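Q:
In this note's numbering, the protein residues as written are 6 to 218.
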């Protein structure tokens, strides 16, 4: 899959689940529940034990688009890309990681918050900029303020995205939304209520579709 195809799939999908879990097995259960709801793009954070191995296992499924999150340096990016990750996400701005991904034609999404950081990330070669933590800066209102002078930059807000706020982020100009605990409900998995996650995944896709229409 080419970089352009990965970018298009992320934008068209519109929802990017951010996977954190206490074990690789727990992560797989929550991913299974999410994908049953129709979401096929998954960010495996390096906070998951054996995250690189999980990426390798999941990339065997051609229906899924698997990327790596909480990637802080080129060394970690290399391990994830070798395992099959198709995109690399970081909560912060690391120019060496952006360069490494660009050299290998891999989609890269560094984190940024201020207008200067966002522009610096884009100018350095980011394919998307992760606005994190979006909720701490005013949520969709802040994203809209960023997009006004920077309409060409693809922004994906993460942090505080919920079913109640997702539509407002999309309407504010987000290319997609990164969703953590509101979708990646580990308690539901532990209590045997995986169907609640599946239903939430369906709902997120419906919210994004409606907001775009």
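Virtual Cβ for every residue (Gly too), placed ideally from N, Cα, C.
Computed from a prediction, not measured in an experiment: that's the story for all the values here.
Okay, do the region 99-109 and the region 76-87 touch, 3+ Cβ pairs below 8 Å being the bar?
A: Flag = yes, the region 99-109 and the region 76-87 touch.
Q: Quick one, which of 68, 213, 95, 71 has its alpha-carbon nearest residue 169's?
A: Residue 169 has its Cα closest to that of 213, out of 68, 213, 95, 71.
Q: To test your reading of the DSSP string, which unbroken beta strand (DSSP E) runs of 3 or more residues are found completely within the region 41-124?
A: Correct list: 46-50, 70-74, 92-94, 112-114.
Q: Take the Cβ of residue 121 as the centre, count every other Cβ of all protein chains shown within 10 Å, and call the residue buried at 16 or more, exposed below.
A: By the neighbour-count rule (16 or more Cβ atoms within 10 Å), residue 121 is not buried but exposed.
Q: So what does residue 191 bridge to, in DSSP terms?
A: For residue 191, which the question treats as bridged, DSSP gives no partner whatsoever.
Q: Is residue 203 near residue 42, with beta carbons less than 8 Å apart?
A: Result yes, Cβ atoms of residue 203 and residue 42 sit closer than 8 Å.
Q: Are the CB atoms of residue 20 and residue 147 within a distance shorter than 8 Å?
A: In this structure, residue 20 does not lie closer than 8 Å to residue 147 by Cβ.
Q: So, is residue 22 buried or exposed, given that buried needs 16 or more other C-beta atoms within 10 angstroms?
A: Per the 10 Å Cβ criterion, buried.
Q: Figure out for me which residue from 94, 85, 46 has the closest Cα to the Cα of residue 61.
A: Residue 61 has its Cα closest to that of 85, out of 94, 85, 46.
Q: Determine whether the beta carbon atoms of residue 136 and residue 151 lie at a separation below 8 Å.
A: Result yes, Cβ atoms of residue 136 and residue 151 sit closer than 8 Å.
Q: Can you tell me where the alpha helix (DSSP H) with residue 11 in it begins and where it stops?
A: Note, residue 11: alpha helix (DSSP H), 8-18.
Q: Taking just the CA atoms, how far does residue 195 sit from residue 153?
A: Rounded to the nearest angstrom, the two C-alpha atoms are 43 Å apart.
Q: Can you give the Cα-Cα distance for residue 36 and residue 125, rounded to whole angstroms?
A: If you take the alpha carbons of residue 36 and residue 125, they lie about 33 Å apart.
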